[in-house]
Amino acid sequence: MWHRLYCTLPVVALLCVTASADEPVDFNRQIRPILSDRCFQCHGPDEEERYGGFRLDVREGAIQEADSGSIPIVPGRPDESELLLRVLTDDESMQMPPPKANKPHLSEQEASLLRTWIQQGALWSPHWSFVAPKRPELPAVEKSHQARNPIDQFILSRLQNEGLTLSAEADKRTLIRRVTLDLIGLPPTPEEIGEFLDDDSSDAYDKVVDRLLASPHYGERMAWPWLDAARYADTNGYQGDPERTMWPWRDWVINALNENMPFDQFTLDQLAGDQRPHATHAQVIASGFNRNHMHNGEGGRIAEETRVENVFDRTETTATVWLGLTYTCCRCHTHKFDPITHTDYFALYDFFNQTSEAGGIRGGAIPPAIAYVSGENRKKLNQYDQQIARLNKAILQDDTAADSAQARWEAEQQSAQPWIIPTLVHFQTSGRSKLVKLEDGSFRAEGARPDQDVITIVAQTDHQNLKSIRLEAIEDDVSSPAGSTGRADNGNAVLSEFEVFVRPLNGTDESEVQLTISSGKADHAQSGHPIEAAFDGQTTGGGGWATEGFRRKQSNTAIFNTSQPFGFDGGTEIRFVLRCESKYPAHTLARVRLSIGTWDGKEPVPLEAQQILRKTVETRSDKETNELRRLFRSKIYSGKTPNGDAYQGLSRQIQQAESDRTKLRESLDKTKVMVMDSLAKRRETRILEKGLYDKPVGDVITPGVPEALPSLLPTNAPLNRLDLAKWLVETDNPLTSRVIVNRYWQLFFGKGLVTTPEDFGTQGKLPTHPDLLDWLAVKFQSSGWDVKAMHRLIVTSGTYRQSALQTQHLRERDPENALLARQNRFRLPSWMIRDQALHVSGLASLELGGPPVKPYQPEGIWAEATFGKKKYKQDQGDAIYRRSLYVFWRRIVGPTMFFDVANRQTCSVQTATTNTPLHALTTLNDISYVEAARMLATRVIKEVEEPEDRIRRIYLYLMSRPPSEEELSIVRHRLKLLESEFNGDLAKARQLLTIGQSKPDSSISVVQLAAYTALCNALMNLDEVLNRP
C-alpha cells in the first residue's frame, strides 16, 4: 500500500543542489540517496517486505503499474507520476513518507530535484560502487605548482571549482611529527628532527618518508587498524572468556606489512592460506584471520548454534573488510536497501561453512589448530632433520659384512616358524575402558581412559613346546590422544607387569599355574623403564616397561621367554594379564596384539620390518629395501660385532636427535593457533529462516557471490575460499580496491573519501571526490597492490602536506573540510598516546612480536567483570613497557588504558578516537603516564644543564618544536612553584617518585626530580601533544 512508503534508517546526508530543467540530474548523487533514505525499506530489494506491488530501486519496477492501479513514475511526465504527487501533498493520509514514519518530509530542493529528474526521463544508473572503477583523466588545474602528484590535481580541481585552493604547506617540524606518527605510530626523536631541519635538499621530506616506510615499526602501526577489522583478541569472549593463542597470527600481519606483501597476496593468505597449493606454515597461520571471532563455550550452549554464529561472523566480517557491504542486514532477509538477496548471503556463507570447527568445544584453541613454529624453531627442526638424514645415510653406507649378516638373518626369519595367535576365549579390562577385538587379531582400548587398567585376555591353543610370547604395542589414532602407543595425553604407556597363566584342557582338574618369565627383549624402551621391569614382580610405583610414546609415535615389539616350555597334550588355556598400574595417569596401552612361539632367544623384529619381510626381495621398493637395511643395522646387527658397534653408536645418535626433535615439537604443541581447514565431504548449506540455526529451508545453496557484482568464474572443483579470495582481488571487482584505498586515506586524513568505510552501499555516504577514489583504486591494482607505494603516494602529496590551520573563511565555507582545503587535525588514538609517552620517556621496549603482555592495570577490574573472578597478574621488567599493540586483550573487559577503541568483539573498520574527559584522568594519574613523566624528567635533567634548555628539550620530545618565549616564561615560572612546593613537602615528592616499577635516579635531588616530573606530566597532557597536527 502507498501509505507504507517509508523507511526507518537515519537520514543520509545529501550532496545535492537545485537543478534546472536543462541541467542533467545525477541519479547516483542526487536521486538515489533520496529514494534509499525514504523509500527502499518498503519499496526496495526485499520482496517479502515490499508493499504496494512495486519497487523503486530498479527502473522496471518503478515505471510499472502498482497494485493501486497508478504508476509511481511516468518518465517525462512528473505531474502524472504518483510518487511525486504523494511526496508533495499536504494530505497526511496520502503523504509519503507518512508522518508516523518520523521521517522528514522532502524539502523543496529535494522535491525539485525529483521533478526535474522525472522530467528528464527518470534514468536510473547502477549504484556507483557496484560499477568497476576506470582510471579517469587527470584534471587540468590552475596553480599547478601546488600539485606534487596526481592526488593534488583532483583535489585542486574541486577546490578551484569552489573558489578555493590548497592551504600553505605545514612547517618542517609539523611535517616530520605528522608523518612519523602516521607511519610508525611514534613521535620523531630530537635527532631525527634536527637531521630533517638541517637537510635543505629538495627530497629531504621524501627521504624521511622512505626511512619510515622501511622501519620495522611501520608494520606495527599499520597492523592496529587491521587487528580492529579482524576482531583480534587474546580470549574467546562470552562469560567464561577463556584465553587463546592467536598472537602468531598478529605477528604474521606485522611481518607481512613490513615486507610489503602485495595486498592481493595478503588477501589470499588470510582468507585461504590453508588452501593455497603447497601451503607453507606461515600461510596456514595467516588463515587464522577468520578464526579471530568470539567463541561461546559456555555450559548448556547448543553446539550447532555456536558453530553457525561463527560462520555468520566470518561471512559478515569478510564482506565488511573487503567489500564494504553491510551483510549483517541480510542474515535474516533480503537487504532492505542494497541488491543483496537472502540467497546471496548464504551463497557467501557457504564458503565459510566448510571447516571442521565444532561449536561444542570449550577452552582456548578450538580445533582446527596447529602448533606455531617460529622462524628460529623451524631452523632448529631443519637442523635436526638434516642431522638425522646424515646419520641415516651413514647407516646405509656400503658394508659387505653387514649385508651378509642381514641376508642370513632374513633367511632365518623366512625359515622360522611363524608366530601363532591363539584362539580367543574371553577378554576384559578392570577399568571403565572397553576392549574391542580387531580383524588383525589385536585389541584396542576405547572409551574412558582410567588412570590405571588391567587387561585380561584368555585364549586357547593346541600347540606344545611353546617357549616365547610376543607382545606388540601398536600405535593407534583412535585410542591414543597423541596417535601413539599409550592412552595418556602425551601418548606414553607403561606396562607395570606382564603375567601369563596356563592350565590344561584335557579334562583333568589341574589348576592354572603362572609361568616364570626368564628373559625379555624389546625393540625399544624408554630410558629407566627397560623390558625387564615388566616381569620383576613389582606392580606399583612408576616402574615397568615404557614405550616412550610421547617421543616416538611408532609401534613397539617385545618378546618374553619362559623358563620352561609350556603347552599341554589335549590343549592349553592361556590367560594373559597386562597390568598398567603406573603412578602416571592414563599410561595404559592403546592397542595390543599377543602371539606365541616355539623358539627362544630371538631378537624382537620391529613391526615395520615384519611388514617388509613378508615381501620377497624382488617385490620390495627401494624405499622398503633401505628401510629394512636401516632397521636391521640399527636394531638387530648393532652391538654384535665391532662393525655393529659403530651402527649402534649411529643408532643412538639418531635416537637422541629424534628425541630432541620430538621434545622441541612437544614444546611447540603447547602453542596452538586456530586456523582454517577444509572438510573432506562438503557440508550442505541451506537458507536459515530468519537466521535461526535450526530453521534450514529450501534447496541446497551453492557457493557464490551477489548477482549484482561480477560473477565468480566456475572451476572444475567446487568453489572454495581460495576462489573467493581471488575473486575479491580481480580487477573487475568494483569494491575491494576502492574500499581498501579509502581506509588508507582514512589513516592519513582522519576520515575517508567515503566517510562510511563500513558501508559502500546505498545507505552509505557518497565519496567526496569520486574521480580521485577511482584513480587511486585503479592505481593500487596496476601497481601490483603495492601497499607501501600507495601510502607513499598519499603522504608525499601536497594535499597531505598542507597546514591544518582552520581559517574563519574555511570554517564558513567547508566546516567539515570535505573539500580538503587544509589538513585535518585530530586526536591521537588512545593506544598511540600511550606509545608516545613510553617512547619520549625512554621506557619503551621496542622488540617486535611475541606473546601478549600485561602492563599496569587497576586491581580488581578482571575480577569484577569475569565469571570466576579472573585475576590479572601484572608482568614485570621490560614487558610492562612494550607497545600497546602487544597488550593482552580480554574481550569482556579490554585494556583499561584505552578509551573508545574497537571492542574487538566484532569487525570494526571506522577510525576510533576519544573525547571523553575520563581519558584525562588516566593520562594525568595512571601509573604508566606518571612513571613516563618521571623518566622523561630524568632524561632531560641528565641531557642538559640549564632549566630553560631542559624545558626546550621537553618541548622538543613532546611537540617536536621549541617553546615560544611566552611559553618558556610561563613554564619556567611553574617549575619554580613546583620546586618550592616539593621543597616544603619532601614526603609528597618521594611518594611521587616511587610510582612505577622503575627506580628513581638517586643522583638527582628528590625535589628537582619531583618538580620536573610534575611539569612533564602536565605538558604531556597538552592538546598539541595529544593531537596529530
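If you count by mature numbering (1 follows the signal peptide of the UniProt record, and there is no 0), then the sequence shown holds residues -21 to -1, 1 to 1008, one letter each, in order.
A virtual CB, placed ideally from N, CA and C, is assigned to each residue, including glycine.
Which residues mark the beginning and the end of the alpha helix (DSSP H) in which residue i is found?
i: G354; result: 354 to 374
i: M914; result: 906 to 922
i: F175; result: 169 to 177
i: G40; result: 38 to 41
i: S47; result: No alpha helix (DSSP H) holds S47; DSSP gives it neither H nor E.
How close, in whole Å, do the beta carbons of residue i and residue j come, if the pair is a contact with beta carbons under 8 Å?
i: P57; j: Q98; result: 5 Å
i: I434; j: L568; result: 7 Å
i: N275; j: Y328; result: The Cβ separation is near 18 Å, so there is no contact.
i: D750; j: F6; result: Not confirmed; about 17 Å, so no contact.
i: A891; j: P830; result: Contact doesn't hold; Cβ gap of about 25 Å is too wide.
i: S820; j: L954; result: Going by Cβ atoms, the distance from S820 to L954 rounds to 18 Å, so no, they are not a contact pair.
Following the continuous beta strand (DSSP E) through residue i, name the residue where it begins and the one where it ends.
i: A537; result: 535 to 545
i: V571; result: 570 to 576
i: R780; result: Taken as a continuous stretch (DSSP letters only), R780 belongs to no beta strand (DSSP E), as it is neither H nor E.
i: K446; result: 445 to 452
i: R932; result: Segment 926 to 938 is the alpha helix (DSSP H) holding R932; no beta strand (DSSP E) there.
i: K705; result: Not the beta strand (DSSP E): K705 falls in the alpha helix (DSSP H), residues 700 to 707.
i: C559; result: 551 to 559
i: R114; result: Taken as a continuous stretch (DSSP letters only), R114 belongs to no beta strand (DSSP E), as it is neither H nor E.
i: E425; result: 422 to 426
i: E476; result: 476 to 483
i: Q20; result: From DSSP, Q20 is part of no beta strand (DSSP E) but of the alpha helix (DSSP H) over 19 to 22.
i: A687; result: Counting along the chain, A687 falls outside any beta strand (DSSP E), and DSSP gives it neither H nor E.
i: I974; result: Per DSSP, I974 belongs to no beta strand (DSSP E) and is neither H nor E.
Please identify the residue among the options whose C-alpha is closest to the C-alpha of residue i.
i: D441; options: P169, D765, P221, F547; result: F547
i: F19; options: L935, Q781, A212, M75; result: M75
i: E148; options: E174, P118, Y184; result: Y184
i: I349; options: P227, R570, V986; result: P227
i: residue 1086; options: A800, G522, G499; result: Missing from the structure shown is residue 1086; the chain here goes from -21 to 1008 and no further.
i: E511; options: N485, L484, E527, L474; result: L474
i: R558; options: Q407, L957, F133, R114; result: Q407
i: K372; options: L667, F514, D430, L610; result: L610
i: I906; options: R813, G847, F727, S646; result: R813
i: E603; options: V457, P583, E587; result: E587
i: I933; options: R804, I840, V919; result: V919
i: K82; options: E174, S72, R17, E71; result: R17
i: D857; options: S15, Q976, A386, P204; result: Q976
Evaluate residue i with the Cβ neighbour count: other Cβ atoms within 10 Å of its Cβ, from every protein chain shown; 16 or more gives buried, anything less gives exposed.
i: Q533; result: buried
i: Q517; result: exposed
i: H314; result: buried
i: T741; result: buried
i: A989; result: buried
i: K758; result: buried
i: D1002; result: exposed
i: T992; result: buried
i: C886; result: buried
i: R801; result: buried
i: G963; result: exposed
i: P583; result: buried
i: H257; result: exposed
i: P(-12); result: Legend: pLDDT at P(-12) = 31, less than 50; position of this residue unreliable, value from coordinates given subsequently. Per the 10 Å Cβ criterion, exposed.
i: M(-21); result: The pLDDT assigned to M(-21) is 34, lower than 50, so where the model puts this residue is not dependable, and the model offers no usable value.
i: N894; result: exposed
Is any non-hydrogen atom of the ligand ADP found closer than 7 Å to the C-beta of residue i, if you look at the structure I gave you?
i: A126; result: Of the ligands one can find in the structure shown there are none, so the ligand ADP has no counterpart to examine.
Does any CB atom of chain C fall closer than 8 Å to the CB of residue i?
i: D382; result: Annotation note: the requested chain C is absent from the structure, which comprises a single protein chain.
For this session: Spell out a yes or no on whether the region 141 to 156 and the region 757 to 771 are touching, meaning 3 or more CB-CB pairs, one atom from each, closer than 8 Å.
Result: no
For this session: State whether the region 689 to 709 contacts the region 731 to 748, with contact taken as three or more CB pairs (one from each stretch) at a distance under 8 Å.
Result: no
Exercise. How do the region 229 to 242 and the region 191 to 200 stand: do at least 3 beta-carbon pairs fall below 8 Å, yes or no?
Worked result: yes
Exercise. So, do the region 86 to 97 and the region 54 to 70 have three or more beta carbon pairs nearer to each other than 8 Å?
Worked result: yes
Exercise. Is there contact here, the region 480 to 488 with the region 405 to 421, by at least three beta-carbon pairs under 8 Å?
Worked result: no
Exercise. Counting Cβ pairs closer than 8 Å, one from the region 322 to 341 and one from the region 264 to 281, do we hit at least three?
Worked result: yes
Exercise. Are the region 252 to 269 and the region 861 to 881 touching by the rule of at least three beta carbon pairs closer than 8 Å?
Worked result: no
Exercise. How do the region 635 to 653 and the region 359 to 368 stand: do at least 3 beta-carbon pairs fall below 8 Å, yes or no?
Worked result: yes
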